[in-house]
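Residue numbers (our numbering): 66 to 498.
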């Protein structure tokens with residue numbers, strides 16, 4: 066019997082037509098559609114500004130220490146204050162974005178952050194500098210969660226991973242420039258000029274962001290009432306998939322934070338004994354993260370979300386093991402793999418949060434960001450302790466355990482999905498008979 070006899074082609078054509086009709090009626094942005102390119106570039110620039118400002122003092126700590134007459138551990142608070150401010154304020158800022166809008170909060174956050182960035186070079190003392198950096202981090206907290214929520218509302222689901230990947234790619238470029246550009250500028254003109262240059266770069270990014278980002282069309286204001294916010298957070302934390310995604314983000318960042326906190330010590334020691342300038346240039350490896358984050362959407366399209374997470378975890382683990390070799394080219398290759406795996410995994414997990422949350426998306430993303438920065442702090446601290454007690458192998462051991470955690474969580478998610486599906490295919494087969 067031919068397909069025409071069974072009516073199969075008619076059903077397929079009808080389903081295809083319905084799918085096309087649904088896609089055409091979806092007013093959200095998609096690749097090639099109106100506003101998508103402007104939106105992608107605007108959020109890319111927001112990501113650049115966020116991470117350039119957030120880590121602008123990290124490569125300058127020895128110069129800050131010498132200029133202000135403080136110890137290295139005291140100077141490190143200029144970084145910890147910024148990341149700590151972001152971690153603490155990301156939830157409150159996400160609540161504001163639910164009430165006043167994603168674009169409004171992102172614009173205000175960037176405006177405050179870049180204004181503070183222009184004041185940082187004039188800080189007369191370490192306490193003043195740390196205070197300014199804490200305010201800057203708190204202001205920047207309005208960007209990550211709001212950006213993810215904006216994309217989840219304004220971009221079609223199939224394009225969401227790619228769009229968030231571009232934002233994460235901007236993070237990697239900003240993180241790289243915040244460390245490398247300041248290092249080279251400071252070498253000639255000092256740390257104050259260096260952070261001032263980053264502030265001016267961030268001003269340009271902020272202005273372009275506001276001019277380019279399309280006005281939201283699908284945002285519905287929420288409530289600022291504490292009871293509503295608490296209920297929203299409780300709902301998110303009660304969702305098993307969201308809990309797994311938060312843990313995955315934290316574990317990936319544990320690896321990344323530990324590796325890049327300690328790698329300078331590893332390369333300064335024998336058998337490498339590299340000068341500080343070359344060690345600072347290692348952050349050029351972040352460009353690999355830019356590529357892997359921006360291609361995360363294609364990975365999910367081919368492998369599925371869990372497949373992409375397995376690939377990210379496997380790539381990261383391979384890089385960790387390769388970095389144990391006493392060969393500089395192999396260590397660098399290991400860093401490339403670690404960076405590629407981390408940024409791909411982070412882009413996949415963070416985009417899945419926005420897609421999974423059906424309400425309070427900014428709070429859902431804020432919880433992810435909180436877990437992410439907790440992982441950063443934990444990785445930096447535990448990775449450094451492991452290095453001082455067991456050398457680079459100790460840091461690698463911490464990273465491998467974190468990667469195994471990602472794999473275990475992803476496997477548990479697969480098993481949970483199968484249990485939830487149950488025997489639905491069997492029931493469908495029996496009905497067809």
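The C-beta atom is built at its ideal place from N, Cα and C for all residues, glycine as well.
Considering only residues of the same chain and omitting the five flanking positions on each side of residue 241, which have a CB-CB separation below 7 angstroms?
-> By the criterion of a C-beta distance shorter than 7 angstroms, residue 241 is surrounded in its chain by 348, 349, 351 and 352, once the five residues flanking it on both sides are discounted.
Excluding five sequence neighbours on each side, which residues of the same chain lie with their C-beta closer than 8 angstroms to the C-beta of residue 222?
-> Excluding residues within five positions, the ones whose Cβ falls inside 8 angstroms are 420.
Of the listed residues 283, 266, 327 and 324, nearest to residue 182 (C-alpha basis) = Answer by Cα proximity: 266.
If you draw a straight line from the alpha carbon of residue 414 to that of residue 314, how long is it in whole angstroms?
-> Per the coordinates, the alpha-carbon of residue 414 lies some 6 angstroms from the alpha-carbon of residue 314.
So, helix, strand or coil for residue 84, using DSSP?
-> At residue 84 the pLDDT is 42, less than 50, meaning the model places this residue with poor confidence; the figure from the coordinates comes in the next sentence. Note: residue 84 maps to helix in three-state DSSP.
Can you find at least 3 beta carbon pairs, one from the stretch 206 to 218 and one from the stretch 390 to 398, that sit closer than 8 angstroms?
-> No contact exists between the stretch 206 to 218 and the stretch 390 to 398.
What is the rounded straight-line gap between the Cα of residue 383 and the Cα of residue 189?
-> Residue 383 and residue 189 have their C-alpha atoms spaced approximately 46 angstroms apart.
Less than 7 angstroms between the CB of residue 374 and some heavy atom of the ligand NAP, yes or no?
-> This structure lacks the ligand NAP; in fact it carries no ligand of any kind.
What does a CB cutoff of less than 6 angstroms around residue 151 pick up in its chain, not counting 5 residues either side in sequence?
-> Contacts found: 202, 205 and 206.
Determine the closest residue to residue 162 out of 465, 331, 431 and 476, with distance taken between C-alpha atoms.
-> For the residues 465, 331, 431 and 476, the minimum Cα distance to residue 162 belongs to 431.
Under 8 angstroms between C-beta atoms of residue 171 and residue 110 | If you check the CB distance, residue 171 and residue 110 do not come in under 8 angstroms.
Quick one: Cα of residue 318 to Cα of residue 99, how far?
-> So the alpha carbons of these two residues sit roughly 35 angstroms apart.
Whole beta strand (DSSP E) runs in the stretch 353 to 408 with 3 or more residues, listed along the chain?
-> If we require 3 residues or more, the stretch 353 to 408 turns out to have no beta strand (DSSP E) run fully inside it.
Is residue 281 closer than 8 angstroms to residue 104 when the C-beta atoms are compared?
-> In this structure, residue 104 lies away from residue 281, with their beta-carbon atoms at least 8 angstroms apart.
From 268, 472, 456 and 232, residue whose alpha carbon lies closest to that of residue 357 | Closest by C-alpha distance to residue 357, out of 268, 472, 456 and 232, is 232.
Decide if the stretch 244 to 255 is in contact with the stretch 363 to 382; the criterion is three or more beta carbon pairs, one per stretch, under 8 angstroms apart.
-> Counting Cβ pairs under 8 angstroms, fewer than three are found: no touch.
Between the stretch 429 to 446 and the stretch 317 to 332, are three or more C-beta pairs nearer than 8 angstroms?
-> Output reads yes: the stretch 317 to 332 touches the stretch 429 to 446.
According to DSSP, is residue 195 helix, strand or coil?
-> Residue state, collapsed to three classes: helix.
Are the beta-carbon atoms belonging to residue 225 and residue 92 less than 8 angstroms from one another?
-> Not closer than 8 angstroms, so no.
Are the CB atoms of residue 373 and residue 385 nearer to each other than 8 angstroms?
-> Contact: no.
Thinking C-beta only, is residue 148 closer than 8 angstroms to residue 441?
-> It is a contact, given that the beta carbons lie within the stated cut-off.
In three-state DSSP terms, what is residue 135?
-> For residue 135, the three-state secondary structure derived from DSSP is coil.
Give the straight-line distance between the Cα atoms of residue 198 and residue 485, rounded to the nearest whole angstrom.
-> One alpha carbon belongs to residue 198, the other to residue 485, and they sit about 47 angstroms apart.
Short Cβ contact (8 angstroms threshold) for residue 328 with residue 118 | Their beta carbons are not under 8 angstroms apart, which means residue 328 does not touch residue 118 by this criterion.
Own chain residues within Cβ distance below 6 angstroms of residue 234, not counting five before or after = Contacts found: 355, 358 and 359.
Rounded distance between the beta-carbons of residue 405 and residue 230, thought under 8 angstroms | The pair is not a contact, with the Cβ atoms about 12 angstroms apart (cut-off 8 angstroms).
In chain order, what residues of the same chain lie with their CB nearer than 7 angstroms to the CB of residue 184, ignoring the 5 residues before and after it?
-> Cβ neighbours of residue 184 beyond the five flanking positions: 197.
Beta-ladder partner(s) of residue 220, from DSSP = Looking at the DSSP assignment, residue 220 forms a beta bridge with 94.
Check whether the Cβ atoms of residue 408 and residue 237 lie closer than 8 angstroms to each other.
-> Their beta carbons are under 8 angstroms apart, which means residue 408 touches residue 237 by this criterion.
Which of helix, strand or coil does DSSP assign to residue 478?
-> Shown here, residue 478 sits in a helix according to DSSP, grouped into three states.
C-alpha distance - residue 125 paired with residue 271, whole-angstrom precision | Near 24 angstroms, if we compare the C-alpha coordinates of residue 271 and residue 125.
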